[in-house]
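Quick note, the sequence shown lines up with residues -18 to 405 if you use our numbering.
By construction, the Cβ of each residue, glycine as well, lies at the ideal position given by its N, Cα and C atoms.
All values reported here derive from a predicted model rather than from experimental measurement.
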Amino acid sequence: MPAADRALAATFDLKRLPDSFYDDPFATYRALREHEPVKRMADGSIFLTRYADIAAVYKNTATFSSDKREEFAPKYGATPLFAHHTTSLVFNDPPLHTRVRRLIAGALTPRHVAAMEARLVERVEALLDAMAARGPGAEVDLIESFASAIPVEVIGNLLGVPAGERGPLRAWSLAILGALEPVPSAAQHDAGNSAVTDFLRYLEGLVAQRRAAPGDPHTDVLTRLIEGEGEGDGGGGERLSAPELLHNCIFLLNAGHETTTNLIGNGLCCLLDAPAEKARLIAEPERIASAIEEFLRIESSNQLGNRITTCATMIGGVTLAPRTQVTLAIGAANRDPAQFADPDRLDIARTPNRHLAFGSGIHQCVGMGLARLEGRIAIGRFLQRFPGYRPAAAPVRARRARFRGHVSLPVVLGPSNETVKETS
Ligand code: HEM
């Protein structure tokens, strides 16, 4: 329906989204890609939906800055949320970005990620055992009982947060990320600011303890961030200031948390909607790695990214003035037919699959190896254990444009495969 699509594109405004957008943004993304791929919104900012344009922005960090001070000053005022976001590495350009990134990346090398696998498998198996113990007819919310319970442990281990102190982490994380929505409500602002304040207070205590008793700087990210770079690390041997240290710990805890919960939830939900692909993955479990890439592509946990132009430039044939705010619709790029054949179809064996779910360029997700491992272990083992899981009620999506995931995903587990073996 070209006329309807044209109207959808013409009336699109990120700051005035209809309710239907939160459930399904993809029809709108398609209309924009086809009719207004460089969409100028009422506030003068730009919304990009084509893969080629978004990939080009990621590459050109000199022209497209990640510094968010200008965008966040009117949005947050002088608040804890402003201090937090503008000090996080993801919302900064070099040199702060480079210093913090190097410290974090050193603890997330492929070798370090591989070393986390055994503990992760143990955690996932314990969650699966607990669900199996509820019996084959049990109705389970896969977000609460499974998807959200995995990343919190992984990221808690990475920063050495004691197991008994992880309770509030997810709520803090959700509150801070919620305030990143295009137009946060007063309640979202308040919750986000309280969460930053409480999180900082908690981390001050944790940092004091770690200073007194440092961990292994090869694997303990908090110790690495406290100790800063040695002279031989390629940096200037600089340490992070106290606020830089604390805000980047908060960022890391948030970054590794909700996005990965949503990867697991979105993947398990996608398979319910595509029974043939579900059967294929159960029959060919060796496809789990490529299935994870496909879940990341088709239901990207992080749907939107942001940049600001540092000078006049052109994108998609449109001239942008200096200081133009640009939103990158990752979720739209990942379904661009110019890049992906039959883009709305889940294909667990899709190849090539060069999606942008983890971004690209100097800010590309540092935790992607870890997120992929969590996805493979969680979804792979869940499917082996509960191949017959089915919806118990309609899944409930979170009402968020930036982070795509569910509030709840109720399923009936069906017999666990041990039960099938025992009774056959
Ligand atoms: C499915 C899960 C995940 C998704 C979809 C995801 C997505 C992203 C994206 C799109 C960016 C780039 C932002 C930009 O360019 O503006 C990013 C950056 C980042 N992610 Fe992830 N992420 C995930 C999991 C994780 C995990 C598990 C960790 C940590 C253990 C992590 C840590 C980071 C960090 C530190 C950055 C900032 C990198 C920089 O600015 O250089 N992420 N992530």
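Bounding residues of the beta strand (DSSP E) (the contiguous stretch that carries G446):
No answer is possible for residue 446: it lies beyond the span of the chain, which begins at -18 and ends at 405.
How long is the line joining the alpha carbons of P391 and S129, rounded to whole angstroms?
Here residue 391 is taken as the residue at index 410 of the sequence shown, counted from 1. Here residue 129 is taken as the residue at index 148 of the sequence shown, counted from 1. Distance between the alpha carbons of P391 and S129: 14 Å.
Do the region -13 to 4 and the region 272 to 281 make contact, defined as three or more Cβ pairs closer than 8 Å?
no
Does the Cβ of E355 have 16 or more other Cβ atoms within 10 Å, making it buried, or fewer, making it exposed?
For this step, residue 355 is matched to residue 374 along the sequence shown. E355 is buried by the Cβ-count criterion.
Give a yes or no on contact between the region 106 to 123 and the region 359 to 376, applying the rule of three or more CB pairs nearer than 8 Å.
The answer is yes - the region 359 to 376 touches the region 106 to 123, with three or more Cβ pairs under 8 Å.
For S397, which three-state DSSP category applies?
The residue given as residue 397 occupies position 416 in the sequence shown. Note: S397 maps to coil in three-state DSSP.
Could you compute how far the alpha carbon of A223 sits from the alpha carbon of C230?
The sequence position of residue 223 within the sequence shown is 242, counting from 1. The sequence position of residue 230 within the sequence shown is 249, counting from 1. Straight-line Cα distance between these residues: approximately 11 Å.
Quick one: residues in its chain with C-beta nearer than 6 Å to the C-beta of A322, no 5 flanking neighbours on either side, listed in chain order?
Residue numbering aside, residue 322 sits at position 341 when the sequence shown is read from its first letter. Around A322: no qualifying Cβ.
Who pairs with P372 in a beta bridge, going by DSSP?
If you number the sequence shown from 1, residue 372 lands on position 391. The partner list for P372 (beta bridge, DSSP) reads V392.
Within the chosen definition, does the region 230 to 239 reach the region 295 to 310 through at least 3 CB pairs nearer than 8 Å?
no
For A8, name the three-state secondary structure that DSSP assigns.
Counted from its first residue, the sequence shown places residue 8 at position 27. It is helical.
Please classify P266 as buried or exposed, where buried requires at least 16 neighbouring CB atoms within 10 angstroms.
Residue mapping note: residue 266 aligns to position 285 of the sequence shown, counting from 1. The residue in question, P266, is exposed, as its Cβ has fewer than 16 Cβ neighbours within 10 Å.
Looking at I358: is its Cβ nearer than 8 Å to the Cβ of A338?
Taking the sequence shown and counting its residues from 1, one reaches residue 358 at position 377. Taking the sequence shown and counting its residues from 1, one reaches residue 338 at position 357. Not in contact: I358 and A338 (Cβ atoms no closer than 8 Å).
What is the DSSP secondary structure of V142, counted as helix, strand or coil?
As a first step, residue 142 must be located in the sequence shown, where it is residue number 161. V142: coil per DSSP, three-state reduction.
Rounded distance between the beta-carbons of N287 and T240, thought under 8 Å
Against the sequence shown, residue 240 aligns to sequence position 259. Against the sequence shown, residue 287 aligns to sequence position 306. In fact, because the Cβ distance is near 16 Å, the residues do not count as touching under 8 Å.
Report all residues from its chain with a CB closer than 8 Å to the CB of I329; omit the five preceding and five following residues, and keep chain order.
The sequence position of residue 329 within the sequence shown is 348, counting from 1. These residues qualify, in order along the chain: E258, R261, L262, R268, S271, A272, E275.
Would you call the region 182 to 195 in contact with the region 75 to 85, where contact means no fewer than 3 C-beta pairs closer than 8 Å?
No, they do not touch.
Considering just the uninterrupted stretch of the alpha helix (DSSP H) at T240, what are its terminal residues?
Along the sequence shown, read from residue 1 onward, the residue named residue 240 stands at position 259. Looking at the DSSP string, the run of the alpha helix (DSSP H) that includes T240 is 239 to 254.
CB of A382 within 8 Å of CB of F2, strictly
Working through the sequence shown from its first residue, we reach residue 382 at position 401. Working through the sequence shown from its first residue, we reach residue 2 at position 21. F2 sits close to A382, with the two beta carbons spaced by under 8 Å.
7 Å CB neighbourhood of R21 in its chain, flanking five on each side removed
Against the sequence shown, residue 21 aligns to sequence position 40. Correct list, in chain order: I27.
CA-CA distance, D214 and T44?
As a working mapping, residue 214 is identified with position 233 in the sequence shown. As a working mapping, residue 44 is identified with position 63 in the sequence shown. Its pLDDT being 48, under 50, D214 is placed unreliably by the model, and the measurement read from it follows with that caveat. The straight-line gap from Cα to Cα measures roughly 28 Å.
Residue interval of the beta strand (DSSP E) (run including E120)
The sequence position of residue 120 within the sequence shown is 139, counting from 1. That run of the beta strand (DSSP E) goes 120 to 122.
For the region 163 to 180 against the region 243 to 254, do three or more pairs of beta-carbon atoms, one drawn from each stretch, fall closer than 8 Å, so that the two count as touching?
no
Nearest to R335 by CA position, among R326, Q320, P376, G348, is which residue?
Locating residue 335 in the sequence shown gives position 354, counting from the first residue. Cα-wise, what sits closest to R335 is Q320.
Buried or exposed, going by whether 16 or more other CB atoms sit within 10 Å of the CB of A352?
Reading the sequence shown from its first residue, position 371 is the one you call residue 352. Answer is buried; the Cβ neighbour count reaches 16.
Cβ-Cβ distance between A314 and Y32 below 8 Å
In the sequence shown, residue 314 corresponds to position 333, counting from 1. In the sequence shown, residue 32 corresponds to position 51, counting from 1. Cβ atoms of A314 and Y32: closer than 8 Å.
Is there contact here, the region 143 to 157 with the region 171 to 184, by at least three beta-carbon pairs under 8 Å?
yes
Could you tell me if the beta carbon of N315 falls within a distance shorter than 7 Å of some heavy atom in the ligand HEM?
Counting from 1 along the sequence shown, the entry for residue 315 is found at position 334. Not under cutoff, so the answer is no.
Chain-order list of residues whose beta-carbon lies under 7 Å from that of A86 (same chain, five-residue window excluded)
Position 105 of the sequence shown, counted from the first residue, corresponds to residue 86. V347, listed in sequence order.
By DSSP, does S46 sit in helix, in strand, or in coil?
Mapped onto the sequence shown, residue 46 falls at position 65. Strand.
To the nearest angstrom, how far is the alpha carbon of L101 from that of R14?
Counted from its first residue, the sequence shown places residue 101 at position 120. Counted from its first residue, the sequence shown places residue 14 at position 33. When rounded, the distance between both Cα atoms is 39 Å.
Delimiting residues of the alpha helix (DSSP H) encompassing R366
Here the question's residue 366 lines up with position 385 in the sequence shown. It spans 349 to 366 - the alpha helix (DSSP H) in which R366 sits, taken as one unbroken run.
DSSP state of K(-4) mapped onto helix, strand, coil:
In the sequence shown, residue -4 corresponds to position 15, counting from 1. Coil.
Tell me whether M112, by its Cβ, gets closer than 7 Å to a heavy atom of the ligand HEM.
Mapped onto the sequence shown, residue 112 falls at position 131. M112 Cβ: outside cutoff for every heavy atom of the ligand HEM.
Would you report the Cα separation of G297 and D34, rounded to the nearest angstrom?
Start at 1 with the first residue of the sequence shown, and residue 297 comes out as number 316. Start at 1 with the first residue of the sequence shown, and residue 34 comes out as number 53. Note on geometry: alpha-carbon atoms of G297 and D34 lie some 6 Å from one another.
Under three-state DSSP, which class holds D214?
Position 233 of the sequence shown, counted from the start, is the residue given in the question as residue 214. Residue placement at D214 is poorly supported in this model, since its pLDDT is 48, which falls under 50; the coordinates still yield a value, given next. Three-state DSSP puts D214 in a helix.
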